[in-house]
Amino acid sequence: MGTVYPILISIPHSGDTVPPEVADMVNVTKRDIFYDGDAFTREIYDFGENVDAVIETPSARAIVDVNRASDDRPPENPDGVVKTVTTDGTQIYREGMFPDDALIEKLLQRYYFPYHERLGNLLENRSIKLALDCHSMLERSPAANVRPGEPRPLICLSNRGNKHGLPVRRREPVTCPPEWIGALAESFRHVFAGEGEVAMNDPFAGGYISRYHYERSEIPWIQIEINRKLYLNKMYFDSERLRVDQRIIQELRERIFDAIVQFLTVL
């Protein structure tokens with residue numbers, strides 16, 4: 010076995026499973042689940058035994074979103090820990106069948122809190138020096154976004170700061186030093202030279218996972234978002250089964266890991 014790097018990989022939106030508790034209530038199809046989640050991130054960020062820990066969840070983001078606070082719910086936020094609509098506005102549940110409070114609590118106890126408990130245990134019991142919350146993003150902002158249709162960068166790194174990784178007034182402290190996120194951005198720019206912009210904290214400034222677990226452990230967190238155009242240009246559905254060129258996935262995984270390793274060597 011080669012070098013094992015002291016990092017934790019969190020992949021919160023890779024799941025495509027509808028929990029049995031709500032299977033008869035949902036209105037969404039396999040395609041809806043696919044486009045609402047971070048398809049293939051389980052494979053893209055699976056660095057195996059080269060990192061200290063990898064954690065992901067099988068549950069679909071559309072049903073239980075572990076990257077939200079447990080009390081972040083509809084109707085105040087339709088895109089909360091449980092959701093009423095997908096990113097493209099599709100109703101998730103059949104008319105009149107949105108889960109009641111008791112069912113929501115059951116979903117959270119079975120699929121939400123265990124994810125965060127496992128994260129907390131890994132951060133406490135391993136010699137982890139950095140945690141990465143790993144995602145993918147649509148090529149353009151969805152219609153429901155404040156900037157609908159706007160092209161997104163090739164890669165977005167986030168630490169809840171500004172475009173330079175520095176703290177933003179009125180927002181909580183950044184989840185990693187500005188120098189760290191800046192160095193990782195430069196590493197990605199080197200590996201993906203000429204392919205697109207590597208941005209910091211725009212359009213995503215970092216989610217609940219990185220903020221919450223940084224506050225608890227003080228281990229640095231960086232959120233990574235890769236543009237899906239990097240790997241979904243060869244994707245198609247065949248009889249409701251999703252297929253993708255695995256060579257593209259493998260190459261992308263290797264390039265992302267190369268960028269992370271280059272960054273780690275200069276820390």
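Just so we're aligned: the sequence shown equals residues 10 to 276 in the numbering used here.
Where a beta carbon is used, it is the ideal one built from N, C-alpha and C, also for glycine.
Nothing here was measured: the structure is a model prediction, and the numbers come from that model.
Secondary structure at E104: coil, using DSSP grouped into helix, strand and coil.
Annotation: I18 to R169 spans about 18 Å, alpha carbon to alpha carbon.
When secondary structure is reduced to three states using DSSP, H144 falls in the strand class. By the C-beta density criterion, T274 is exposed, having fewer than 16 other C-beta atoms within 10 angstroms. A check of alpha carbon separations from F201 across I231, K172, R262 identifies R262 as the nearest. Around the CB of E234, 16 or more other CB atoms lie within 10 Å, so the residue is classed as buried.
Where E195 is concerned, the enclosing alpha helix (DSSP H) starts and stops at 187 to 200. I53: member of the alpha helix (DSSP H) spanning 50 to 53, first to last residue. With 16 or more other CB atoms across the displayed protein chains lying within 10 angstroms of its CB, A268 is buried.
For L112, the enclosing alpha helix (DSSP H) starts and ends at 110 to 116. Taking M34 as reference, the option from K138, E159, L128, Q100 with the minimal CA-CA separation is Q100.
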